[in-house]
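A short write-up of the structure that comes next.
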Amino acid sequence: MDKRYNTLSLPEQLMLRKQAIDDVLAHPEWTLQQSVRHLKRTMRLTSAELAGMAGIAQKTLLDIEQGRSTGTVQTLNKLLGVLGLQLGVVRKSARD
267 MDKRYNTLSL PEQLMLRKQA IDDVLAHPEW TLQQSVRHLK RTMRLTSAEL
317 AGMAGIAQKT LLDIEQGRST GTVQTLNKLL GVLGLQLGVV RKSARD
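Set out below in structure tokens:
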């Protein structure tokens with residue numbers, strides 16, 4: 267956990283994880299960059315911690331966070347997998 271924050275109990279960590287999931291699902295308009303930054307901030311993780319949890323290189327995560335890369339589908343699924351989510355495809359409505 268990011269050293270800027272006090273240590274949280276397991277129930278508090280789970281609450282933050284649920285909040286992060288709810289926020290990402292509630293904002294489909296967010297870019298990947300915005301979503302990753304929000305996940306890190308909400309879950310109180312460093313880039314190294316999130317990258318480790320997702321099984322990706324820290325540089326890959328930093329590139330995504332800083333908008334230098336959009337990542338691959340596999341990378342996105344690894345990042346989302348930390349929260350039990352995965353990338354999906356949906357049919358566009360006639361209004362889009």
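Numbers 267 to 362, taken from the numbering used here, label the letters of the sequence shown in order. We treat Cβ as the ideally placed atom computed from N, Cα and C, and that holds for glycine. All figures in this text were calculated on a predicted structure; none of them were measured in a lab.
Anyone know if the C-beta pair for residue i and residue j falls short of 9 angstroms?
{"i": "residue 344", "j": "residue 314", "result": "no"}
{"i": "residue 317", "j": "residue 304", "result": "no"}
{"i": "residue 282", "j": "residue 291", "result": "no"}
Would you grab the beta carbon distance between residue i and residue j for me? Rounded to a whole angstrom, and I think it's under 8 angstroms.
{"i": "residue 298", "j": "residue 330", "result": "6 angstroms"}
{"i": "residue 339", "j": "residue 328", "result": "Rounded, the Cβ-Cβ distance is 19 angstroms, inconsistent with contact."}
{"i": "residue 341", "j": "residue 326", "result": "6 angstroms"}
{"i": "residue 289", "j": "residue 308", "result": "7 angstroms"}
Any heavy atom of the ligand MG closer than 8 angstroms to the Cβ of residue i?
{"i": "residue 322", "result": "As for the ligand MG, it is missing from this structure, which has no ligand bound."}
Count the other CB atoms, across all protein chains shown, that sit within 10 Å of the CB of residue i; report buried if there are 16 or more and exposed otherwise.
{"i": "residue 346", "result": "buried"}
Suppose the cutoff is 6 angstroms on Cβ atoms and the five residues either side in sequence are ignored; what does the same chain contact list for residue i look like?
{"i": "residue 333", "result": "299"}
{"i": "residue 324", "result": "313, 314, 317"}
{"i": "residue 306", "result": "316"}
Out of curiosity, what's the CA-to-CA distance linking residue i and residue j?
{"i": "residue 359", "j": "residue 278", "result": "38 angstroms"}
{"i": "residue 295", "j": "residue 284", "result": "19 angstroms"}
{"i": "residue 348", "j": "residue 302", "result": "11 angstroms"}
{"i": "residue 293", "j": "residue 351", "result": "14 angstroms"}
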